[in-house]
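Peer 1: Structure provided below as structure tokens; questions to follow.
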Amino acid sequence: MYKPTQYFKAGMLALALTVLFVIAWECYWRSNGFAISYNDDESLWAYARKQIYQSSPARPVIIGSSRIKFDLDLATWKSISGEEPIQLSLEGTNPRPLLADLARDTSFKGTVMIGVTEMLFFQPDHNHFEIQANKRIEKYPHWSLSEQESFRINRVLESNLVFLQENTFSANSLLKRLPIESRPGVFVFPNFPLKFAYTQLNRQTYLTDALVADTAIQAGVKDVWKKLAFNPIPATKGDTLTALIQSVKADIDKIKARGGDVVFIREPSGGPFREIEKSTYPRELYWDRLLKETETIGIHFEDYPETSNYTCPEWSHLAPADAKTYTQSLISIMEQKTGWKIKK
Amino acid sequence: MVFNSYTFIAFFVILLGLHYLPLPWKFKKINLLWASYLFYALWNPPFILLLWLSTVVDFYAAKLISEEENPIKRKLLLMVSLVLNLGMLSYFKYGGFLLENFNLLMSSIGVSYQAAQPDIILPIGISFYTFVTLSYTLDIYRKKFPPEKSFLDFALFVTYFPHLVAGPIVRPENLLPQFKSPVQATKEQFMWGLFLLSLGLFMKVGIADGMVAETADFIFGLPCPVNPLDAWSAVLAFSAQIFCDFAGYSTCAIGVSLCLGITLPENFRFPYASIGFSDFWRRWHITLSTWLRDYLYIPLGGNRKGVSRTYVNLMITMLLGGLWHGASWNFVIWGGLHGIFLCLERLYKTHRKNQVTLEEASENTWSNFGLVLLTFIAINITWVFFRAHDFGKAMLMILSMFGVIPGAPKFVSTLDIYKIAFVTIGILAFHWFMRNSSLVQLAQKLKWWQMGLAWAFMLIVVILTQKSSGSFIYFQF
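Protein chains in written order, with this note's numbering: chain A, 3 to 346; chain B, 3 to 479.
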């Protein structure tokens, strides 16, 4: 005969096993050298997006892809300007939808820094490099009070538990690392090494110390670039490119008309990656044309001795230590080129 | 607020603490009511007003109906309630759809007038609480029971948070009597409630969001045809997703409510082990199918007005049932397909000489398993219309599934195919073995440590999946 107390005993066993599992799982990842990293999800982005109305040259809104997210050191910027920039960039994403979102928001009158990675920035409208940006833009107005509270609680948990990193340690992410060959003809997004990068609460992302020190991890990331970037989609040209630049100009004009300002930034890249970028997106046809037709100032890392000599460990992003000095140099160059008052 | 969120965990712990304090029952009911409003308001506070409006109008309309002897005045009062409830539902849910079709109609007859598309936000759960309040007023009109005297009990019946946004669609006789005297969960009920909450979260977070949603969303979002294996993978993935998402919500709701000592009706009974469509609707979204039966099919005449009227009534019920799910022709087609399958099944059973008895149908024989698979495949075909954004995409998927478009590209990885196969076979097998049983019976067969292991497995999968606040699909209905 079944006794009611059985449920209680079962529940207690389940609780004990779950707690034991969580402790063991957390200890396992910590013992393997992993540190706290925040999920860079819709809520974290929305949390940053809420702050754009306090933007100024000393506290710009940053949009772009991964390079400006890794290379612009927010702590260094804050130590120089007294204020922390608002980081809205998204890895692997074309930032034009983010620019359009800022242009549409009539309450936004601030300063925007746009990171340009040509392979992403010059993709035509409605391609899959916009998915992450559009997801966040659509979610932001519907970020409910309940989700905001969950975000607050989640922040406390993520500040203390290493294994709470969906893109790295979730069941799905780990399953994707199983050595299962996919059927021919199906593109499967390659996996970055587990110790590629980590993200802070202000959305600052850094390469890990392990990656900077270990050439094997660097090679793992380079393999990903080889699969993704070394067979690039043909560059956008002709009328599509003209329309694309015109739409960027229209968005920038809207922001400028409200008293805001915009600057383009081209962060360092290196090795074979840079060579492919040069051949696929020649500077004069893309970067120079973008600046000219949008009538906007741009800072290209190759134009300044203080920013042109960095080495990216995995060809695409700066090491954290270099991000600090790069940011210091960038602020000086920006003040000089734009006339903005950034330093305290 | 959704069950799979940290906010809900905090909310529920505080609520349980208050509910089990030695306080008067009335205080606890007020507490539950405020908690329910908070649960709803944390999504979009202004829509609380609609909930209040519906509650107040139906409480007083029902009261006046019960006091009124004049049949015309009774009908008029009923009309007030129907117009308000169905009017709100029509405006918020079908306003855009009606205008869109009006515009299409105008342009098809050469009129260039285009009505502006309204920017209407759909209040979450409006279809559910509208049906809850309607059933109350209709039952009072039919003199099924006297009107509720306590406004507090009535407001709590309408607003009680576990069922508020996505069902189960409760009836007055399910819930109102439970508010009359103090209730507290027994230790057994409380633990079973927690088990059901864990199971519901496992279904939603671990399976629907964690294992299958990505493939279904990706393939159904593509504008191009796909390889047959990819198309079937996406449809099977959606089939598992919609079940685990919706049944997961209902299981959470029933579990949460049971922890408070209040029983909600069963909403799913292993539907993918159905033999035929009438069996499916006895197992899928049971509270909706019984609602449609009692307040639409039977009032239309049911099967009492001749053979052809029975089929017409069935079709009307299923078409409107489809439309209830969303303002799109695809939902109407989905309902229509279910209606056609139900009619065919009825026709077959009527003309078959050797009727299968319920006992025979409930046996786990190989022939019955074949019928289960056949039903499952037919249900999957109907899901295409339910999931696709428009008719064109649905047809593209159907053509892709049956390999009509040669050379269509492949998108789904081998790993994802394995995951979908694992989940589909798992769900089918579980439903098949459980089709004549229940979770309570299964739990009673298990030893306590076996149940504990299964429970721990579900919790660990939820934690490992790390998807904390994905919305439930049925919220949009």
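Note that the Cβ used here is the ideal one computed from N, Cα and C, for glycine as well.
Just so you know, these numbers come straight off a predicted model, no measurement behind them.
1) To the nearest angstrom, report how far apart residue 271/A and residue 248/A are at their CA atoms.
2) Which word fits residue 29/A, buried or exposed, when buried means at least 16 other C-beta atoms lie within 10 angstroms of its C-beta?
3) CB-CB under 8 Å to residue 242/B, same chain, minus the five flanking residues each way: which ones, in chain order?
4) What does the Cβ neighbour count give for residue 310/B, buried or exposed, with the cut at 16 atoms within 10 Å?
5) Any idea if residue 2/A is buried or exposed, counting beta-carbon neighbours within 10 angstroms, 16 or more meaning buried?
6) Mind listing which residues of the segment 189–203 of chain B have their C-beta closer than 8 Å to chain A's C-betas, in chain order?
7) Residue 311/B lies in the alpha helix (DSSP H); which residues open and close that run?
8) Would DSSP call residue 114/A helix, strand or coil?
9) Taking the runs of the alpha helix (DSSP H) that are 4 residues or longer, which of them lie wholly in the segment 404–478 of chain B?
10) Please report the residue range of the alpha helix (DSSP H) in which residue 266/A lies.
11) Within 10 angstroms of its Cβ, does residue 327/B collect 16 or more other Cβ (buried), or is it exposed?
12) Which residue marks the beginning of the alpha helix (DSSP H) containing residue 154/B, and which one marks its end?
13) Going by DSSP, name the residue or residues bridged to residue 300/A.
14) Quick one: what's got a C-beta closer than 6 Å to residue 136/B's C-beta in the same chain, skipping five residues either side?
15) Around the Cβ of residue 45/A, are there at least 16 other Cβ atoms within 10 angstroms (buried) or fewer (exposed)?
16) Please check if any C-beta of chain B sits within less than 8 Å of the C-beta of residue 188/A.
17) Of the residues 298/A, 33/A, 327/A and 187/A, which one's Cα is nearest the Cα of residue 76/A?
18) Please report whether the beta-carbon of residue 196/A lies at a distance below 8 Å from any beta-carbon of chain B.
19) By alpha-carbon positions, which one of 254/B, 259/B, 164/B and 246/B ends up nearest to residue 273/B?
20) Cα separation between residue 183/B and residue 203/B?
21) Check the C-beta distance from residue 253/B over to residue 267/B and give it rounded, since I have them as a contact under 8 Å.
22) Quick test of your reading: residue 410/B and residue 229/B, contact by CB under 8 Å. State the CB separation rounded to the nearest angstrom.
23) List the DSSP bridge partners of residue 183/B.
24) For residue 89/A, write down the residues that DSSP places opposite it in a beta bridge.
25) Give me the residue from 297/B, 63/B, 416/B and 370/B with the minimum Cα distance to residue 187/A.
26) Look at residue 117/A and residue 64/A and say whether their C-beta atoms are less than 8 Å apart.
27) Does the distance from the C-beta atom of residue 31/A to that of residue 165/A stay below 8 Å?
28) Mind pulling the beta strand (DSSP E) runs of 3 or more residues that sit fully within the segment 32–95 of chain B?
29) Closer than 8 Å, CB to CB, is residue 139/A near chain B or not?
30) I need the DSSP call for residue 132/B, collapsed to helix, strand or coil.
31) List the whole-angstrom C-beta distance separating residue 57/A from residue 112/A, where the pair is believed to meet the contact cut-off of C-beta under 8 Å.
32) By Cβ distance, which residues of its chain are closer than 6 Å to residue 348/A, with the 5 residues on each side in sequence left out?
33) What would DSSP say about residue 265/B, mapped onto helix, strand or coil?
34) Let me check understanding here. Comparing Cα to Cα, which of 304/A, 85/A, 177/A and 39/A lies closest to residue 53/A?
35) Return no unless some Cβ of chain B is closer than 8 Å to the Cβ of residue 36/A.
Peer 2: The relevant details are as follows:
1) A direct Cα-to-Cα measurement between residue 271/A and residue 248/A gives close to 27 Å.
2) Looking at its Cβ environment, which holds fewer than 16 other Cβ atoms inside 10 Å, residue 29/A is exposed.
3) 209, 210, 213, 214, 422, 425, 426 and 429.
4) Here residue 310/B is exposed, its C-beta having fewer than 16 other C-beta atoms within 10 Å.
5) Missing from the structure shown is residue 2/A; chain A here goes from 3 to 346 and no further.
6) Listed by position, the residues of the segment 189–203 of chain B near chain A (Cβ gap below 8 Å) are 189, 190, 193, 194, 196, 197 and 200.
7) Following the DSSP letters along the chain, one finds residue 311/B inside the alpha helix (DSSP H) bounded by residues 309–327.
8) Looking at residue 114/A - three-state DSSP - the assignment turns out to be strand.
9) Within the segment 404–478 of chain B, the complete alpha helix (DSSP H) segments of 4 residues or longer fall at 416–436, 441–447 and 450–467, listed in chain order.
10) Note, residue 266/A: premise wrong, no alpha helix (DSSP H); beta strand (DSSP E) at 263–268.
11) Flag for residue 327/B reads buried.
12) Segment 153–161, the alpha helix (DSSP H) holding residue 154/B.
13) 266/A, per the DSSP bridge assignment.
14) Only 87 meet the Cβ criterion.
15) Per the 10 Å Cβ criterion, buried.
16) For residue 188/A, at least one C-beta of chain B is nearer than 8 Å to its own C-beta.
17) For the residues 298/A, 33/A, 327/A and 187/A, the minimum Cα distance to residue 76/A belongs to 327/A.
18) Cβ-Cβ to chain B under 8 Å: no for residue 196/A.
19) Here the closest residue by C-alpha is 246/B.
20) A straight-line Cα-Cα distance of about 31 Å links residue 183/B and residue 203/B.
21) With 8 Å as the limit, residue 253/B and residue 267/B do not qualify as a contact, their Cβ atoms being about 12 Å apart.
22) That pair is a contact at about 5 Å.
23) Beta-bridge pairing by DSSP links residue 183/B to no other residue.
24) The partner list for residue 89/A (beta bridge, DSSP) reads 64/A.
25) Closest option to residue 187/A, Cα to Cα, is 416/B.
26) Yes, they are a contact pair.
27) Result yes, Cβ atoms of residue 31/A and residue 165/A sit closer than 8 Å.
28) Runs found: none.
29) So, not an interface residue.
30) Correct three-state label for residue 132/B: helix.
31) Contact flag correct, Cβ pair sits at about 3 Å.
32) Summary: the structure shown does not reach residue 348/A, with chain A confined to residues 3 through 346, and so no result is reported for it.
33) DSSP places residue 265/B outside both helix and strand once states are collapsed to three, so it counts as coil.
34) The option with the nearest alpha carbon to residue 53/A is 85/A.
35) Nearest CB-CB separation between residue 36/A and chain B: not below the 8 Å threshold.
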